[in-house]
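Engineer:
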Amino acid sequence: MTATETILRDLPDPEAAERFIGQLAEKHPAQARRLEKDRSLFSDVVTVASHSPLLASTLLQNPEYIPWLSRKRAETVVRNKEELLESLARYSLTNSQLEPGVLLSRFRRRELLRIYLRDIRRLGTIAEITEEISNLADAILEHALRLAAQELDNRYGQPMETDEKGRSKRAEACIVSLGKLGSRELNYASDIDLLFLYSAEGSTAETGQRGAITNREYFIKLAETVIKLIGQPSGEGAAYRVDMRLRPHGRVGPLAASVADTIRYYRTEAAAWERQVLIRSRSSAGSEHLFQQFFKEVEPSVFSTDISVGDALRGVSGSKQKIDIENITSKRLNVKLGIGGIREIEFIAQALQLAYGGKDRWLRSPHTLITLSRLGDRGHLIESELTELADAYAFLRQAEHILQMENGLQTHSVPNDPEKRELLARRMHLSGRDELEQALQTHTGNVNRIFRRVFDNAGESGNEASDLSSPSVYEDVNAPSFDPESGVYTSENNENNFAHLAQNFPRIAAMLAGNADIANGLSTDRPEFLDTDYRQILNDAIADASDLRSELSALRRAGRRCLLEILVRDAEEKLTLRESKTRQTRLAEAAMEAAITISKRELDRRYGPVSETFDLAIMGLGKLGGGGVDYDSDLDLVIVYESRSSKQPDGAPQPAELAQRAVEIFVNALSAVTREGSLYRVDLRLRPHGKDGPLTVSHEAFADYMQNSSAIWELLAFVKLRSVGGNPELAKHVEKEIREIIHQKAAQIDAKELAAETRRIRMGLQEQRADIRRSRDIDIKYGAGGMLDIYFATRFLQLKANLPDSDNDRSTSASLKLLKDSGSLTDSQYETLAEGYDFLSALDHQQRLTVGRATRLPVANKQAMETISHRMGSTSVDEFLGTLAVLMTDIRAVFDEITGR
Numbered sequence: 006m007t008a009t010e011t012i013l014r015d016l017p018d019p020e021a022a023e024r025f026i027g028q029l030a031e032k033h034p035a036q037a038r039r040l041e042k043d044r045s046l047f048s049d050v051v052t053v054a055s056h057s058p059l060l061a062s063t064l065l066q067n068p069e070y071i072p073w074l075s076r077k078r079a080e081t082v083v084r085n086k087e088e089l090l091e092s093l094a095r096y097s098l099t100n101s102q103l104e105p106g107v108l109l110s111r112f113r114r115r116e117l118l119r120i121y122l123r124d125i126r127r128l129g130t131i132a133e134i135t136e137e138i139s140n141l142a143d144a145i146l147e148h149a150l151r152l153a154a155q156e157l158d159n160r161y162g163q164p165m166e167t168d169e170k171g172r173s174k175r176a177e178a179c180i181v182s183l184g185k186l187g188s189r190e191l192n193y194a195s196d197i198d199l200l201f202l203y204s205a206e207g208s209t210a211e212t213g214q215r216g217a218i219t220n221r222e223y224f225i226k227l228a229e230t231v232i233k234l235i236g237q238p239s240g241e242g243a244a245y246r247v248d249m250r251l252r253p254h255g256r257v258g259p260l261a262a263s264v265a266d267t268i269r270y271y272r273t274e275a276a277a278w279e280r281q282v283l284i285r286s287r288s289s290a291g292s293e294h295l296f297q298q299f300f301k302e303v304e305p306s307v308f309s310t311d312i313s314v315g316d317a318l319r320g321v322s323g324s325k326q327k328i329d330i331e332n333i334t335s336k337r338l339n340v341k342l343g344i345g346g347i348r349e350i351e352f353i354a355q356a357l358q359l360a361y362g363g364k365d366r367w368l369r370s371p372h373t374l375i376t377l378s379r380l381g382d383r384g385h386l387i388e389s390e391l392t393e394l395a396d397a398y399a400f401l402r403q404a405e406h407i408l409q410m411e412n413g414l415q416t417h418s419v420p421n422d423p424e425k426r427e428l429l430a431r432r433m434h435l436s437g438r439d440e441l442e443q444a445l446q447t448h449t450g451n452v453n454r455i456f457r458r459v460f461d462n463a464g465e466s467g468n469e470a471s472d473l474s475s476p477s478v479y480e481d482v483n484a485p486s487f488d489p490e491s492g493v494y495t496s497e498n499n500e501n502n503f504a505h506l507a508q509n510f511p512r513i514a515a516m517l518a519g520n521a522d523i524a525n526g527l528s529t530d531r532p533e534f535l536d537t538d539y540r541q542i543l544n545d546a547i548a549d550a551s552d553l554r555s556e557l558s559a560l561r562r563a564g565r566r567c568l569l570e571i572l573v574r575d576a577e578e579k580l581t582l583r584e585s586k587t588r589q590t591r592l593a594e595a596a597m598e599a600a601i602t603i604s605k606r607e608l609d610r611r612y613g614p615v616s617e618t619f620d621l622a623i624m625g626l627g628k629l630g631g632g633g634v635d636y637d638s639d640l641d642l643v644i645v646y647e648s649r650s651s652k653q654p655d656g657a658p659q660p661a662e663l664a665q666r667a668v669e670i671f672v673n674a675l676s677a678v679t680r681e682g683s684l685y686r687v688d689l690r691l692r693p694h695g696k697d698g699p700l701t702v703s704h705e706a707f708a709d710y711m712q713n714s715s716a717i718w719e720l721l722a723f724v725k726l727r728s729v730g731g732n733p734e735l736a737k738h739v740e741k742e743i744r745e746i747i748h749q750k751a752a753q754i755d756a757k758e759l760a761a762e763t764r765r766i767r768m769g770l771q772e773q774r775a776d777i778r779r780s781r782d783i784d785i786k787y788g789a790g791g792m793l794d795i796y797f798a799t800r801f802l803q804l805k806a807n808l809p810d811s812d813n814d815r816s817t818s819a820s821l822k823l824l825k826d827s828g829s830l831t832d833s834q835y836e837t838l839a840e841g842y843d844f845l846s847a848l849d850h851q852q853r854l855t856v857g858r859a860t861r862l863p864v865a866n867k868q869a870m871e872t873i874s875h876r877m878g879s880t881s882v883d884e885f886l887g888t889l890a891v892l893m894t895d896i897r898a899v900f901d902e903i904t905g906r
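Mapping of the sequence shown onto my numbering: position 599 corresponds to residue 604, and the numbering continues sequentially without gaps.
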């Protein structure tokens, strides 16, 4: 056997290595000859190719990386951020012809070759490997920040602030990393979670090409530019996927915020889990001093001396339970989120940090392994537990790395396919699949045992709570049970009735189990239920709250209790579909009113009496606009403001800025996930200019945009516009004006053009959602003959015939009746669309009850399909599917007739 054959034989995937050698010889013969002359380099290169098809492809596309790897592969020390920045600077000089985003992506991929070779050769510990991956991200972020700042300085001038002595100086920026990057434990394919901070408000020096702007505008643009540089996909792929959802106010918060505003947020508004996130935070780029200033102020809120051990553990346990519920249907072992996975190790460390770190600063390390070691030193973990957790962490992270580096995907699931498991085992230096499965079982078992031991101390459920697919999870002593005679859920265990919910509606049972304190005493037979005044309930709930955090908590608790009452009545078939949606719509409107009250109160607390200087009008679209809010519906909103002439307190922001901040608080009140849960996802993407536009627009700007800039797709979307909250007079005025603009503008469009564009948009949505791998799935919303066919046909005809919805009923059913009565629909077309809409709407509702919000039917879930079929009035699943197929075929035929296929 030759030396080459010996090297290949010992690789985990010899065939992949042989294919790589053949392709290299064909495409880059000079590099192939180099490998023939250098057996050591040959061994390293084919080892990389055998472990990672992704990096094999990288070497074939960039053969110059082979001699580079020859020089760098002997390095055994962790390269720090400064060293990597120097390498990046040299790489930039020699590749100046590349677009910056492409350059950063290529540099990262090149460095991963070196790091991954060390990893698979076991030349570095898991801590050293993840530290260097994190240092690489830091260097790329720093480089991108400098490029972005240079570009913006040229346009707008330097951002300036005034120091304590009244002198002007440049305002600073800091990119704060969270999560795995924050703890220097980044994966090969991790998202990077970021916050952008700036030091102070002010404005830029008037030296830029485009004139001065405020510091807020400058740093938001800076964040946008950095995110684009490192996160915008190209032919080379993006350097990183950037996740900004952990910033204050989540998706609707500004991309950058002043350090003062951010400190205030974490002190007064942030949920417990948001403060928990800051355990793993640090400065990755920009001003380290600014981060230290920030963290010094928020650290007491993160590591509180007042929190009890039990409360700390319960808070983290609640976060883990939500993750388990989200992964309840997974059939594959997830080394990150699964039972006994990496997340349980991280949560053990973070929970004990929160419990004891308030009084013991030494425990406040962001790094998981360092934290575990210190917890062991302090006696919070026994020595054997520390060893088991450290071993499991190293093993599971190694598995995660190998899974991700196969194709560069963010995956954490061990494949079910036996051959793929065998390959994973060999790549992990194990003898085969059996040893892999035994090791996985041992490590995850050890982790989960310790996890349960730690969290059982907080009074949490034990072993049964680990398996959320079993009804036994809902038999916890803290879970409510149902008394069928009184119609009341109580904390006295009544297994049969609760097991019925668990079997047929596991999501509802999980919600009740996870909200036991809210659900206890919940009645499903209150005579006064039909007359429930949700506005009064929610306003009363927040009336006595003295600060923002307690207001948000009170709103969520009261709102979720109201929703649970609707939900359980619905599951017990005590509500019609129309009654359920009407109540959910009323509840959503009440929640929005309460959220506006909360946001204005908070602005008055911050800036003095400013809430009277502007008005808001909340405009609903989609299901909310049509009065058909259903479980898990987004609230599609456009929010309009109008300034008043009230006197402005000294030093307070202008009304436009106040309105913007009010909307941030409003959205946070409804959307942010806390220990009490969340109420609604707020979607503001339909606002003028979409994600590039401000969160709220003036009344005049909104009307001007719709009159002069709106596209046909926006006219179709805004047909259902309805005032749903805020100042009633302003909201009704905006609604009337915008509806008139929509229909007047549509009347000026040629009917054939309107039909063609409607069809193009509709078919585009269908194609976007199509998945060849799931071609047999039935998508009741996006698929051919789905609900979007009815929505688009209806709205097209309303625009074509200038038939606005009636003021009293904006539902699709009412719109179809209006179109039939006007002659825009034939009797046959109306019958097909009306019957189809009723069926699909009911089906969508039953699916939301049974398995949650999804557009595809859960055809692989036998229990769910049987429940849905029965509740849809069919005697069998086959009968139900047959009825559905005929209806959707007929709906598509009518859609084709209407849009002129």
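Idealized CB from N, CA, C, for every residue including glycine.
1. Closest to glutamine 358 by C-alpha separation, out of Phe400, Ser309, Leu202, would be which residue?
2. Leucine 150 and alanine 290 look like a contact to me (Cβ under 8 Å); what is the Cβ gap, rounded to whole Å?
3. For aspartate 901, which of Met768, Asp422, Ser418 has the nearest alpha-carbon?
4. CA-CA distance, aspartate 635 and serine 313?
5. Ordered along the chain, which non-local residues of its own chain (more than five positions away) have a Cβ less than 7 Å from that of threonine 860?
6. Alpha carbon to alpha carbon, how far is aspartate 545 from serine 811?
7. Shortest alpha-carbon distance to arginine 287 belongs to which of Gly362, Leu200, Thr99?
8. Can you find at least 3 beta carbon pairs, one from the region 618 to 630 and one from the region 590 to 609, that sit closer than 8 Å?
9. In whole angstroms, what is the alpha-carbon distance linking phenylalanine 885 and leucine 141?
10. Just reading off the beta strand (DSSP E) that glycine 129 is part of, what are its end residues?
11. What's the call for proline 34, buried or exposed, on a 16-neighbour Cβ count within 10 Å?
12. Looking at methionine 433: is its Cβ nearer than 8 Å to the Cβ of glutamine 409?
13. Would you mind giving the Cβ-Cβ distance between threonine 837 and threonine 817, rounded to the nearest angstrom? I have them listed as a contact below 8 Å.
14. According to the Cβ coordinates, are aspartate 49 and arginine 14 closer than 8 Å?
15. Assuming aspartate 196 and arginine 115 are in contact, meaning their beta carbons sit under 8 Å apart, how far apart are those beta carbons, in whole angstroms?
16. Measure the C-alpha to C-alpha separation of leucine 64 and arginine 383 and round it to an integer number of angstroms.
17. When burial is assigned at 16 or more other CB atoms within 10 Å of the CB, is arginine 44 buried or exposed?
18. Could you check how far apart the C-beta atoms of valine 340 and glutamate 405 are, in whole angstroms? I think they sit under 8 Å.
19. Tell me, please, whether the region 163 to 182 touches the region 290 to 306 by the rule of three or more beta-carbon pairs shorter than 8 Å.
20. Excluding the 5 residues preceding and the 5 following aspartate 782 in the sequence, name in chain order all residues of the same chain whose CB lies nearer than 6 Å to its CB.
21. Going by DSSP in three states, arginine 24 sits in which element: helix, strand or coil?
22. For arginine 778, is the classification buried or exposed, using 16 other Cβ atoms within 10 angstroms of its Cβ as the cut-off for buried?
23. Going by alpha carbons, who is nearest to alanine 228 out of Leu414, Gly258, Phe299, Asp620?
24. Pick helix, strand or coil for asparagine 502, following the three-state DSSP scheme.
25. Beta-carbon separation of arginine 125 and isoleucine 138 under 8 Å?
26. With H, G and I counted as helix, E and B as strand and the rest as coil, what does DSSP make of methionine 433?
27. Quick one: Cα of glycine 216 to Cα of leucine 663, how far?
28. Extract the residue ranges of the beta strand (DSSP E) inside the region 162 to 214, only unbroken runs of 3 or more that lie entirely within it.
29. If you drop the 5 nearest sequence neighbours on each side, which residues of the same chain put their C-beta closer than 6 Å to that of histidine 56?
30. Using the DSSP secondary-structure output, state which residues sit across from alanine 290 in a beta bridge.
31. What does the alpha-carbon distance come out to for the pair lysine 42 and proline 105?
32. Buried or exposed, going by whether 16 or more other CB atoms sit within 10 Å of the CB of serine 389?
33. Here's a check: name, in chain order, each residue in its chain whose Cβ is nearer than 6 Å to the Cβ of valine 482, leaving out the five neighbours to either side.
34. Are threonine 209 and proline 164 closer than 8 Å when you measure CB to CB?
35. Give me the Cα-Cα distance between alanine 356 and aspartate 641, rounded to the nearest whole angstrom.
36. Should glutamate 730 go down as buried or exposed, given a rule of 16 or more other Cβ atoms within 10 Å for buried?
Structural biologist: Put simply:
1. Ranked by Cα distance from glutamine 358, the options Phe400, Ser309, Leu202 are led by Ser309.
2. About 5 Å; that satisfies the 8 Å criterion.
3. Selected option, being the one with the closest Cα: Met768.
4. About 38 Å.
5. For threonine 860, where only same-chain residues beyond five positions count, the Cβ hits under 7 Å are Asp784, Ile785, Lys786, Tyr787.
6. Looking at the two C-alpha atoms, the distance is approximately 33 Å.
7. When only C-alpha atoms are compared, the closest one is Leu200.
8. The answer is yes - the region 590 to 609 touches the region 618 to 630, with three or more Cβ pairs under 8 Å.
9. So the two alpha carbons sit approximately 55 Å from each other.
10. Element bounds for glycine 129: n/a, residue is neither H nor E.
11. Exposed, because fewer than 16 other Cβ atoms sit within 10 Å of the Cβ of proline 34.
12. Taking 8 Å as the Cβ cut-off, methionine 433 and glutamine 409 do not qualify as a contacting pair.
13. Between threonine 817 and threonine 837 the Cβ distance is about 14 Å, and since that is not below 8 Å, they are no contact.
14. Judged by beta-carbon spacing, arginine 14 lies beyond the 8 Å limit of aspartate 49, meaning their Cβ atoms are not closer than that value.
15. Contact doesn't hold; Cβ gap of about 21 Å is too wide.
16. If you take the alpha carbons of leucine 64 and arginine 383, they lie about 48 Å apart.
17. By the neighbour-count rule (16 or more Cβ atoms within 10 Å), arginine 44 is not buried but exposed.
18. About 5 Å separates the two Cβ atoms, so the contact holds.
19. Contact annotation: the region 163 to 182 touches the region 290 to 306, with at least three C-beta pairs closer than 8 Å.
20. The residues are Arg861.
21. Arginine 24: helix per DSSP, three-state reduction.
22. Confidence is the limiting factor: at arginine 778 the pLDDT is only 43, short of 50, which leaves the residue's position unreliable, though a coordinate-based value still follows. Around the CB of arginine 778, fewer than 16 other CB atoms lie within 10 Å, so the residue is classed as exposed.
23. Considering only alpha carbons, the answer is Gly258.
24. With a pLDDT of 46 at asparagine 502, under the threshold of 50, the modelled position of this residue cannot be trusted, and the question is left open.
25. Note that residue 125 corresponds to isoleucine in the displayed sequence, not to arginine. No, the pair does not count as a contact, with Cβ atoms beyond the cut-off.
26. Under the three-state reduction of DSSP, methionine 433 is assigned to coil, being neither helix nor strand.
27. Between the alpha carbons of glycine 216 and leucine 663 lies a gap of roughly 24 Å.
28. Whole beta strand (DSSP E) segments, 3+ residues: 164 to 167, 173 to 175, 178 to 183, 197 to 203.
29. Exclusion of the five residues before and after histidine 56 leaves Ile125, Arg432 as the residues of its chain whose Cβ lies within less than 6 Å of its Cβ.
30. Looking at the DSSP assignment, alanine 290 forms a beta bridge with Ile180.
31. C-alpha separation (whole angstroms): 36 Å.
32. Residue burial annotation: serine 389 is exposed, with fewer than 16 other C-beta atoms found within 10 angstroms of its C-beta.
33. Note on valine 482: pLDDT 30, under 50, position unreliable in the model; the coordinate value appears next. Nothing listed; no residue qualifies.
34. Yes, the pair counts as a contact, with Cβ atoms nearer than the cut-off.
35. Answer to the nearest angstrom: the Cα atoms are 36 Å apart.
36. Strictly speaking, residue 730 in this sequence is glycine, with glutamate absent from that position. Glycine 730 counts as buried, since at least 16 other C-beta atoms from the protein chains shown sit within 10 angstroms of its C-beta.
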